[in-house]
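In our numbering, the protein residues as written are 23 to 109.
All residues carry an ideal CB built from backbone N, CA and C; glycine is no exception.
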């Protein structure tokens, strides 16, 4: 069961990067669906997780705050010359 969703940009520079991701949970539109979700242990969730990455339609989704998660990225650039990338 998903407890929350969050989005963050993955850093593209080498090094250690700390990000704080704010989590949110979708809220069902009617009290009856919310109650049934609570009763059955199946809260509201996104059918298509790509909804989080697209800018269209996110402003009309009802959500509640789900806390924060600290994420640490250790980015290493290796073999970038082979693919014609230079940083």
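Hey, how far is the Cα of residue 101 from the Cα of residue 95?
C-alpha separation (whole angstroms): 19 Å.
Does the beta-carbon distance from residue 36 to residue 98 come in below 9 Å?
The answer is yes: Cβ separation under 9 Å.
Taking 8 Å as the cut-off, does the CB of residue 84 come closer than this to any heavy atom belonging to the ligand FMN?
As presented, the structure is devoid of all ligands, the ligand FMN included, so that no description of it is given.
Output the boundary residues of the beta strand (DSSP E) element that contains residue 68.
Taken as a continuous stretch (DSSP letters only), residue 68 belongs to no beta strand (DSSP E), as it is neither H nor E.
Please give the ranges of any alpha helix (DSSP H) in the stretch 24-106, keeping only runs that are unbroken, at least 4 residues long and fully inside the region.
Fully enclosed alpha helix (DSSP H) runs of 4 or longer: 53-62.
Alpha carbon to alpha carbon, how far is residue 28 from residue 90? Give it in angstroms, no decimals.
Their backbone Cα atoms lie some 9 Å apart in a straight line.
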